[in-house]
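Heads up: the sequence shown begins at 80 in my numbering, then just goes up one per residue. All C-beta atoms in this analysis are idealised placements derived from N, C-alpha and C, irrespective of residue type, glycine included.
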Amino acid sequence: MSESGMLKIVRGACGHDCPDTCAWIAETCDGRAVRLYGDPEHPFTRGVLCAKVNHYLDRVYHPDRLLYPLRRIGSKGSGCFERISWESALEQIAERWNRDISESGAESILPFSSAGNQGLIQHSSLDQRLFAVLGVSRLERNICGAVAHEGLCATQGSGIGVNPEDLIYSRYIVLWGTNTIVTNLHLWPVIEEARRRGARIVVVDPIRTRTAAAADWHIPVRPGSDTVLALAMMHVIIREGRVDHDYVSRYATGYEQLVKRVSEFSPEAAAAVTGVSAADIERFALEYSAAEPSLLRPLIGLEHHRNGAMMFRVLSCLPVLTGAWRHRGGGLARSTGAFQYSMLNMDGLLLPTLGEGSVRVLNMRDLGRDLCSDSLSPRIRSLLIYNSNPAVSLPNQQLVRAGLQRDDLFTVVHDLFLTDTARYADLVLPATSQLEHLDLVPSWGHHYVSLNQPAIEPLGECAANTEFFRRLARVLGREEVFLYDSDEQLLRTALQTDHPMMRGITFERLSECGWLHLSHAEDWRPFAEGGFPTPSGRAELWSAQLESRGLDPLPGAGEIRRGESGMLQLISGKTLHYLNTGYSHQEPHRRREGILQVEMHRLDAELRGLQDGESVLVRSSQGEVHAICCISERVQSGVAWMPFGGLQDARGMSRHVNNLTPEEPTDWGGGSGFYDTFVEVLRATESVSV
Ligand SMILES: Nc1nc2c(c(=O)[nH]1)N[C@H]1C(S)=C(S)[C@@H](COP(=O)(O)OP(=O)(O)OC[C@H]3O[C@@H](n4cnc5c(=O)[nH]c(N)nc54)[C@H](O)[C@@H]3O)O[C@H]1N2
Ligand SMILES: Nc1nc2c(c(=O)[nH]1)N[C@H]1C(S)=C(S)[C@@H](COP(=O)(O)OP(=O)(O)OC[C@H]3O[C@@H](n4cnc5c(=O)[nH]c(N)nc54)[C@H](O)[C@@H]3O)O[C@H]1N2
Ligand SMILES: [Mo]
80 MSESGMLKIV RGACGHDCPD TCAWIAETCD GRAVRLYGDP EHPFTRGVLC AKVNHYLDRV
140 YHPDRLLYPL RRIGSKGSGC FERISWESAL EQIAERWNRD ISESGAESIL PFSSAGNQGL
200 IQHSSLDQRL FAVLGVSRLE RNICGAVAHE GLCATQGSGI GVNPEDLIYS RYIVLWGTNT
260 IVTNLHLWPV IEEARRRGAR IVVVDPIRTR TAAAADWHIP VRPGSDTVLA LAMMHVIIRE
320 GRVDHDYVSR YATGYEQLVK RVSEFSPEAA AAVTGVSAAD IERFALEYSA AEPSLLRPLI
380 GLEHHRNGAM MFRVLSCLPV LTGAWRHRGG GLARSTGAFQ YSMLNMDGLL LPTLGEGSVR
440 VLNMRDLGRD LCSDSLSPRI RSLLIYNSNP AVSLPNQQLV RAGLQRDDLF TVVHDLFLTD
500 TARYADLVLP ATSQLEHLDL VPSWGHHYVS LNQPAIEPLG ECAANTEFFR RLARVLGREE
560 VFLYDSDEQL LRTALQTDHP MMRGITFERL SECGWLHLSH AEDWRPFAEG GFPTPSGRAE
620 LWSAQLESRG LDPLPGAGEI RRGESGMLQL ISGKTLHYLN TGYSHQEPHR RREGILQVEM
680 HRLDAELRGL QDGESVLVRS SQGEVHAICC ISERVQSGVA WMPFGGLQDA RGMSRHVNNL
740 TPEEPTDWGG GSGFYDTFVE VLRATESVSV
């Protein structure tokens, strides 16, 4: 430690669930972090953090931070707790889990987590090892990214795409269902640079988001109909002779079948479904296929529909047809996450062979159903929740909360704050912030790997996830040495890889410089010469694998949901000042986001006799929330928008948009059709008399 009053500089990286993974520098003095800023040397961070992480120190030192273990003394959900010791908390967990295991088997215990911390070892390491040796139920973490990944894999065999920094070479960038300026801020300067070099920026989004407003062309598609839009583009591309036949014949399969399929999707037919005029569809297809290179950038928005995987399946056929992959900055760029993970020694980290055997797998989307189910055998008796806030983030929130309310359920929550989920816990354990633990942070938005060094000691009695799982293993009497690896050992194991792109990326070098770029050629083009890792080795416009699974082997429209008359389709996207459900404990962030609003088109408001600013009840088949009506130019008629995240509705109740969303599965990939929610909006007073 430094001498008293001396400033110390520590390099780290943001661990939030976000594609940007910013490299940061923390300044500490006498063991306290006094300043945190984006690393000016990092080419993607460029010295800038974001509207949330600019206030990260307020989060770390927030008076509501959990600092000690707590035991619930009030009813579930009431938020009444008393302080207890770690020793007592761990003993209570061990006693309960041992009883669950002996009476109902280990599968009656369900660990539940998401990407609340997306650092490598705080996300998945000792937790997975411990769960595997215990044989507890496994969780499919499918709520974010899995659907998109599967859709892309159907065509490309992997989710690999263009290096996001190479977007500067693109001449036509389609931000397709992503709100870059809000959710992926650090990509925006790259896009601006491309624009400066002559690129045209197009946004396809039902909402006129900040990003759509900043683009050269906003195409306001009807929700869920993007498959039809893209199929009609292919129709035009084929009709106008814009196909790169050399690329397709060398590197793709199923072209003839595709031609037949897209013949059904004329721009005129597509206009009726998508709400985009036939002329605009023609223009979009021609501009896209003429530009060299052209680039598609989808992120997550599209996967939250019933036909989510099909959306990505269809999109990924476009750059194959046009041969855009040949060119630097051409093709498709989505998550770089699976790509980065594929280079690490994940087998060494997760020891997957430990878990071999038939342990049941539950999908996180169905938590409410599973908790409330009488037929699930064995019944879930214990839940351990970390890196996630399912009482707010999962669809069909009533059911999730009804499940969490069960008297016979034993729930442990490990978090930094007393979240809505934690309020239902029997025991709450305090977690460290990113300033207080070590981790490696791969990124799903760029090609840099960062090491996060702890800048300060854990506050109070906070423990990192890894430390919590070591303690849990000990109290459960486990003797396997691999359950007690130190954080540094875990990271060194993960970095033991001979993947060529990890050449030179060692723990020592990362400790020195904080972050390093993947080791690949400056001009790196993943599919310039084919090499698609599909079963056929080609881009599969027609997929035998999908057919064998009973799915459509060709790109198609998928199931496009439409509501009954009088219903609005509700999109609930990410907000600027919250990180999913996080930051909602911080008053300034709540103030900036304001009271829960529902945005709708003037015509839809008039039809319902609603005024701007009045209090309304938004109701779906799942539930209802109160919101303030906001008449807005941003949304098209028939669509409404509400923010995801936040603590309270317009009546100060702890109700969120996921009160309205259904947990219906996506076509494939195991996700949830969050945005296929259909709502009626009523004057709030009417609801009182109902
Ligand atoms: N500030 C901030 N940044 C974040 C987050 C946050 O909460 N706040 N969350 C992080 C996380 S976990 C993720 S996954 C990413 C998500 O990043 P994004 O994918 O960019 O964000 P989303 O808000 O999920 O959805 C993007 C857009 O999809 C649009 N959309 C919805 N349905 C359709 C459709 O049918 N067609 C088309 N074309 N568009 C559609 C929505 O209107 C929305 O503008 O952001 C990350 N970054
Ligand atoms: N309606 C609607 N619902 C959505 C979405 C949407 O767009 N609309 N988006 C979906 C998407 S893309 C996502 S990713 C999910 C997000 O769903 P969640 O992952 O459940 O949401 P977060 O708010 O990110 O919750 C992460 C929690 O982890 C905690 N945490 C952070 N770091 C640590 C740590 O080191 N240790 C422990 N133990 N805890 C930690 C945070 O304090 C926070 O409470 O929500 C999904 N739900
Ligand atoms: Mo996400």
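Secondary structure of residue i, DSSP reduced to three states
i, result
"leucine 375", "strand"
"threonine 290", "helix"
"valine 215", "coil"
"serine 768", "Confidence at serine 768 is low in this model, with a pLDDT of 36, below 50, so the placement of that residue should be treated as unreliable; the coordinate-derived value is given next. It is helical."
"leucine 649", "strand"
"asparagine 133", "helix"
"glutamate 161", "strand"
"phenylalanine 363", "helix"
"arginine 628", "coil"
"aspartate 566", "helix"
"tyrosine 248", "helix"
"tyrosine 147", "coil"
"phenylalanine 757", "strand"
"methionine 80", "Because the pLDDT at methionine 80 is just 45, under 50, the model does not fix this residue reliably, and the value given afterwards should be weighed accordingly. Here methionine 80 sits in coil by DSSP."
"tryptophan 747", "coil"
"threonine 262", "helix"
Backbone CA spacing between residue i and residue j [nearest angstrom]
i, j, result
"tryptophan 255", "proline 744", "22 Å"
"leucine 365", "leucine 441", "45 Å"
"tyrosine 754", "tyrosine 420", "29 Å"
"serine 154", "tyrosine 135", "32 Å"
"valine 300", "aspartate 179", "50 Å"
"isoleucine 317", "leucine 266", "32 Å"
"serine 167", "alanine 173", "10 Å"
"serine 768", "leucine 761", "Caution is warranted here: a pLDDT of 36 is assigned to serine 768, below 50, making its placement in the model unreliable, and no coordinate value can be reported."
"leucine 115", "isoleucine 639", "45 Å"
"valine 307", "lysine 339", "15 Å"
"methionine 85", "leucine 597", "35 Å"
"aspartate 505", "proline 148", "11 Å"
"leucine 209", "serine 183", "19 Å"
"methionine 425", "aspartate 206", "14 Å"
"valine 479", "isoleucine 222", "15 Å"
"glutamate 759", "glutamine 665", "31 Å"
"cysteine 232", "glutamine 171", "44 Å"
"threonine 613", "glutamine 235", "6 Å"
"valine 282", "arginine 641", "22 Å"
"serine 751", "phenylalanine 757", "14 Å"
"serine 733", "threonine 401", "49 Å"
"isoleucine 252", "tryptophan 404", "14 Å"
"proline 667", "tyrosine 140", "14 Å"
"glycine 224", "glutamate 382", "8 Å"
Chain-order list of residues whose beta-carbon lies under 6 Å from that of residue i (same chain, five-residue window excluded)
i, result
"aspartate 295", "Arg279 and Ile280"
"arginine 502", "Gly156 and Gly158"
"methionine 581", "Met422"
"serine 249", "Ala273, Ala278, Pro372, Leu374 and Gly408"
"lysine 131", "Leu658 and Tyr662"
"phenylalanine 418", "Ile239"
"aspartate 746", "Asn386, Ala388, Met389 and Gly637"
"serine 716", "His680, Leu682 and Asp683"
"threonine 259", "Leu266, Trp267 and Thr290"
"glutamate 703", "Leu696"
Other residues of its chain near residue i: CB distance less than 8 Å, five sequence neighbours each side excluded
i, result
"serine 711", "Glu678, Met679, His680 and Trp720"
"serine 212", "It is worth fixing the name first, because residue 212 is valine in this sequence and not serine. Contacts found: Leu433, Arg557, Glu559 and Leu562."
"threonine 500", "Ile464, Ser467, Asn468, Pro469, Ala470, Val471, Leu483, Val492 and Asp494"
"glutamate 319", "Ala364, Leu365 and Ser368"
"threonine 585", "Leu574"
Proximal residues to residue i (C-beta, below 7 Å), its chain only, five neighbours per side dropped
i, result
"aspartate 245", "Arg407 and Gly408"
"alanine 48", "Any question about residue 48 goes unanswered here, given that the chain covers just 80 to 769."
"asparagine 263", "Pro98, Asp99, Thr257, Leu378 and Gly524"
Ranges of the beta strand (DSSP E) found wholly within the region 371–445, counting only runs of at least 3: 373–377 and 440–442
Runs of 4 residues minimum, wholly inside the region 498–542: which ones carry the alpha helix (DSSP H) assignment? none
Beta carbon shell of ligand 3 at less than 6 Å from a heavy atom: Asp96, Cys223 and Ile379
Could I get the ranges of all uninterrupted beta strand (DSSP E) runs contained in the region 679–749, with 3 residues as the minimum, in chain order? 694–698, 703–710 and 718–720
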